[in-house]
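Just so we're aligned: the sequence shown equals residues 25 to 184 in the numbering used here. No residue lacks a Cβ here, since even glycine has one placed at the ideal position from N, Cα and C.
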Amino acid sequence: MEDSRIHKRYALALYQLAGELKQLDRVFDDMQIVAQTCLDSKDLMRALASPIIRDTKKGKILNEIFSGSICELSQKFINLVLFQNREVSLPAIAIEFIHLVKEFKGIKTAILTSAQPLDEATRAKIIARLKEQTGCEVELVEKTDPDILGGFTLSLEGQL
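Put into structure tokens, the structure is as follows:
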């Protein structure tokens, strides 16, 4: 298992640099793309973890995937991660960066699980109520579980 301190250090370094260069929002969007792409593609993660594939080839693969969709700072950061032989950690670093930015902006993530998708009015009421209770912006992640007979479960920062 990889050391999560590595993820935090790289994410913090990117966070500080992006903040200094006033590109925090752009890099935040880029890291969401990077994390989602890596987590959605098992083939990409296998390629990054493979000791047979050379670093130059891994760099070409990542450059081809992300060129045009992420900014220069994010691309240079990915190259740094690759140069340091931490490419397997890329999704974890991106996720840690996302958490840092959300913490800085005061955004909390709530996970709502219901039997059926919510209508827009109910979703708006739940978000408004959570904002009122927490005093923060709330991001609502919805999941559907047909095994729930009625109502919903709501989890916010480990509280159910």
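Following the continuous beta strand (DSSP E) through residue i, name the residue where it begins and the one where it ends.
i, result
"Ala-139", "That residue, Ala-139, is in no beta strand (DSSP E); it is neither H nor E in DSSP."
"Glu-166", "161-168"
"Leu-178", "176-180"
Report, in whole angstroms, the separation of the C-beta atoms of residue i and residue j, which I expect to be a contact under 8 Å.
i, j, result
"Phe-52", "Ile-122", "7 Å"
"Phe-107", "Gln-99", "So it is not a contact: roughly 13 Å between Cβ atoms."
"Val-58", "Leu-142", "Rounded, the Cβ-Cβ distance is 29 Å, inconsistent with contact."
"Lys-82", "Glu-111", "6 Å"
"Leu-124", "Leu-36", "7 Å"
Should residue i be flagged as near chain D, meaning a C-beta pair shorter than 7 Å?
i, result
"Lys-84", "No chain D is part of this structure, which consists of one protein chain only."
Check whether the Cβ atoms of residue i and residue j sit closer than 7 Å, and answer yes or no.
i, j, result
"Phe-40", "Leu-97", "The amino acid at residue 40 is misidentified as Phe; the sequence shows Gln. It is not a contact, given that the beta carbons lie outside the stated cut-off."
"Ile-117", "Tyr-34", "yes"
"Val-162", "Ala-134", "yes"
"Leu-164", "Leu-136", "yes"
"Glu-88", "His-31", "no"
"Ile-172", "Ala-139", "yes"
"Cys-160", "Lys-126", "no"
Span of the alpha helix (DSSP H) holding residue i?
i, result
"Gly-43", "28-44"
"Leu-173", "Taken as a continuous stretch (DSSP letters only), Leu-173 belongs to no alpha helix (DSSP H), as it is neither H nor E."
"Arg-110", "Looking at the DSSP string, Arg-110 is not in any alpha helix (DSSP H), and its letter there is neither H nor E."
"Cys-95", "Element bounds for Cys-95: n/a, residue is neither H nor E."
"Arg-70", "66-73"
So what's residue i in DSSP terms, helix, strand or just coil?
i, result
"Ile-119", "helix"
"Ile-102", "helix"
"Ile-131", "strand"
"Gln-47", "coil"
For the stretch 46-65 against the stretch 142-157, are there 3 or more C-beta pairs whose distance is under 8 Å? no
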